[in-house]
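Encoded as C-alpha cells, the structure appears first; notes follow it.
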Amino acid sequence: MSKKATGKIGVLLVNLGTPDSPSTPDVRKYLREFLLDKRVIDINAVARYALINGVIAPFRAPKSAKIYKELWTERGSPLLYHGLDLQKKLQASLGDRYHVAFGMRYQSPSIKAALEELREQSVDRIIVLPLFPQYASASTGSVQDKVMEIVKDWWVIPNISFISSFCDDPGFIKSFAELGKQHMAKDDYDFVVFSYHGVPERHVLKGSDKGYCQLGACCNTYNKRNKYCYRASCYATSRLLAAELGLREDQYMVAFQSRLGKDPWLTPYTDFILKDLPAKGIKKVLAYSPAFVADCLETTIEVGEEFKEMFLEAGGEKWQLVESLNSEPMWVEAVKEMVLQH
Numbered sequence: 189m190s191k192k193a194t195g196k197i198g199v200l201l202v203n204l205g206t207p208d209s210p211s212t213p214d215v216r217k218y219l220r221e222f223l224l225d226k227r228v229i230d231i232n233a234v235a236r237y238a239l240i241n242g243v244i245a246p247f248r249a250p251k252s253a254k255i256y257k258e259l260w261t262e263r264g265s266p267l268l269y270h271g272l273d274l275q276k277k278l279q280a281s282l283g284d285r286y287h288v289a290f291g292m293r294y295q296s297p298s299i300k301a302a303l304e305e306l307r308e309q310s311v312d313r314i315i316v317l318p319l320f321p322q323y324a325s326a327s328t329g330s331v332q333d334k335v336m337e338i339v340k341d342w343w344v345i346p347n348i349s350f351i352s353s354f355c356d357d358p359g360f361i362k363s364f365a366e367l368g369k370q371h372m373a374k375d376d377y378d379f380v381v382f383s384y385h386g387v388p389e390r391h392v393l394k395g396s397d398k399g400y401c402q403l404g405a406c407c408n409t410y411n412k413r414n415k416y417c418y419r420a421s422c423y424a425t426s427r428l429l430a431a432e433l434g435l436r437e438d439q440y441m442v443a444f445q446s447r448l449g450k451d452p453w454l455t456p457y458t459d460f461i462l463k464d465l466p467a468k469g470i471k472k473v474l475a476y477s478p479a480f481v482a483d484c485l486e487t488t489i490e491v492g493e494e495f496k497e498m499f500l501e502a503g504g505e506k507w508q509l510v511e512s513l514n515s516e517p518m519w520v521e522a523v524k525e526m527v528l529q530h
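Residue numbers (our numbering): 189 to 530.
The following block contains the structure:
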C-alpha cells in the first residue's frame, strides 16, 4: 500500500508587478519588462522591441512616474504590500503544512525567487494562484508561461497545478460584494459600474472557441466553451456581484478601462460611458474594479480619482470607488478555501 506524501504543499501567489520606486528610471525599467512580454503586446518581436524601447517606454515613463508618486505610500507600492500582507495572513490561516510564497510577474519579488523559496522547502507539490480573477493570456497565461519556463530547468520538478480563474468563485464574489454593501449602507446609489481592465479584441478572438465568440451575446452565459474568454469572465463576475448586491439589470453596467494604442479594445470604454450617465439622471455611482484584488494605479488613481473627476465634471454628484479586496479577512478565507479545494 502506497503512503501519502507528508511533505509541505507550496502555494505561490502571483500578481502583475510594480516599479521598485516611483522614479522615472525604475518606472521605465518596469514598463520595458512588462510591455516586452509577447503575451501583452502580441506583435512581431522586432517591431515590439522597437515600439517599446523607441516610443512607449521613453515617452510614457515620465508621465507614469508622476502618477506612481501619487500612489506611493510610506510602505511603498500598494500592489506589493497588499500582496505581502495577503501572503502572511494566508500562511497563518493555512498552517505549517503549507508554505506560501509571493512573487510578481514583472520586477520584484520575482516569480523565480518565489519558486526557489518553495524548492528550498522541499514541497511535494505547488499550487500556483495568479491573482487575476478573470483569465487572460496577457495576465494569467503569462504567469503560467513564466512558471513553466523556470521549472523546466529544475532537475526534480514537483507536481505543479494552476488555479487559472476564479471569476465565479463564491468566496471571491461574497467578499467583494460585502465591501460594496458597506458603502451602500451609508448612501443611496443610482447605479453601479463594473469597470474591468481592457484587452485588445484580438486577444479575445485568438483564444476563443472557434466560431463561438462574437464579442456580444455569446457572453450572456458562462460555460465550457467560453470559460477562458476574458470578456465572458468579466460579465460572469458582474452578474454574480449584481445578484449578491440585489441589483436589477438596469441598475448596473459592464465597461472596460486602461486601453493602449489604436487597435480596437473591448467596449464600452468606461471613460466614455460615465460622461453620459448624469444626463440620464444617474447622479450617484458606486464603482467596482473587479479585475483587481489589490489596490493599484488602475483602481486608486484611474477609477477612484480620474473617473471621479470626469463624472463630476459631467454633472454627477458622487462617484465612490469600492476598494479592492487587498488582505481583508473574508478574502483571506476565500483564498484559503480555493487552495484547500484545489
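Backbone N, C-alpha and C fix where the C-beta goes; we use that ideal spot for every residue, glycine too.
Residues that residue i bridges to, as DSSP identifies them
i	result
Y538	Nothing about residue 538 can be read from this structure; the chain reaches only from 189 to 530.
K506	K472
P318	V202
M441	V381
F350	V316
I197	Y286 and R313
P388	W453
Pair within 7 Å by beta-carbon distance, residue i and residue j
i	j	result
K334	I361	no
S169	C355	Residue coverage of the chain in this structure runs from 189 to 530, which leaves residue 169 outside it and unanswerable.
F290	G271	yes
Q322	G205	no
Y400	C407	no
F444	Y384	yes
L474	H371	yes
L317	I348	no
I231	H530	no
G159	K471	Residue 159 cannot be examined here, being either before or after the span of the chain that is shown, 189 to 530.
Y423	V380	no
V442	F382	yes
G283	E525	no
Y256	P297	no
I345	L303	no
I229	R236	yes
R227	G329	yes
From the options, residue whose alpha carbon lies closest to that of residue i
i	options	result
R250	P346, V311, G271 and Y218	As written in the sequence, residue 250 is Pro, which differs from the Arg given in the question. The residue with the shortest Cα to Cα distance from P250 is Y218.
A253	G264, P213 and C401	P213
M292	L268, Q275 and D273	L268
L429	K398, D464 and P478	P478
R285	R313, A301 and S352	R313
V491	G503, E505 and S512	S512
E516	L403, R436, A482 and L317	A482
T455	V510, Y418, E497 and L223	Y418
A373	S426, P318, W519 and V510	V510
E521	R220, L274 and V243	L274
F320	S353, L403, K412 and E437	S353
L224	K415, A326, I255 and M518	A326
N203	D376, A324 and V331	V331
P207	L485, L435, Y410 and V527	L485
P466	T487, F222 and E501	E501
D378	T487, G449 and G434	G434
T409	T487, L393 and S426	S426
Same chain only: Cβ atoms within 8 Å of residue i, ignoring 5 sequence neighbours per side
i	result
H287	K196, I197, G198, V199, Q279, E305, L306, Q309 and V311
L367	V510, E511, L513 and E516
W342	R307
T458	V381, S383, A443, F444, Q445, V491 and F495
Y416	Y323, S352, S353 and G395
D451	P388, E389 and R390
Spatial neighbours of residue i in its chain, beta-carbon cut-off 7 Å, leaving aside the 5 residues before and after
i	result
E258	I489
E432	I361, K362 and A365
M189	Here the model assigns M189 a pLDDT of 37, short of 50, so the residue's position is not dependable, and the following value carries that caveat. Counting only Cβ-Cβ distances below 7 Å, and skipping sequence neighbours, we find nothing.
A238	none
K340	none
Other residues of its chain near residue i: CB distance less than 6 Å, five sequence neighbours each side excluded
i	result
F539	The chain is shown from 189 up to 530; residue 539 falls before or after that span and cannot be answered.
R216	A245 and A249
W533	Since the displayed the chain opens at 189 and closes at 530, residue 533 lies outside it and no answer follows.
M336	none
E262	none
V523	L278
W260	P210
R436	none
is_contact[residue i, chain D] using C-beta, thresh 7 Å
i	result
K463	Among the protein chains of the structure shown there is no chain D, as only one such chain exists.
Any non-hydrogen atom of the ligand ADP closer than 6 Å to residue i Cβ
i	result
G198	In the structure on display, the ligand ADP does not appear, and there are no ligands present to speak of.
Practice prompt. Jot down the residue ranges of each uninterrupted beta strand (DSSP E) in the segment 246 to 300, minimum 3 residues, whole runs only, in chain order.
Written response: Counting only runs of 3 or more residues that sit fully inside the segment 246 to 300, the beta strand (DSSP E) segments are 286 to 294, in chain order.
Item to complete: Enumerate, from N- to C-terminal direction, the unbroken alpha helix (DSSP H) stretches of 4 or more residues contained entirely within the segment 400 to 472.
Response: Within the segment 400 to 472, the complete alpha helix (DSSP H) segments of 4 residues or longer fall at 418 to 433 and 458 to 461, listed in chain order.
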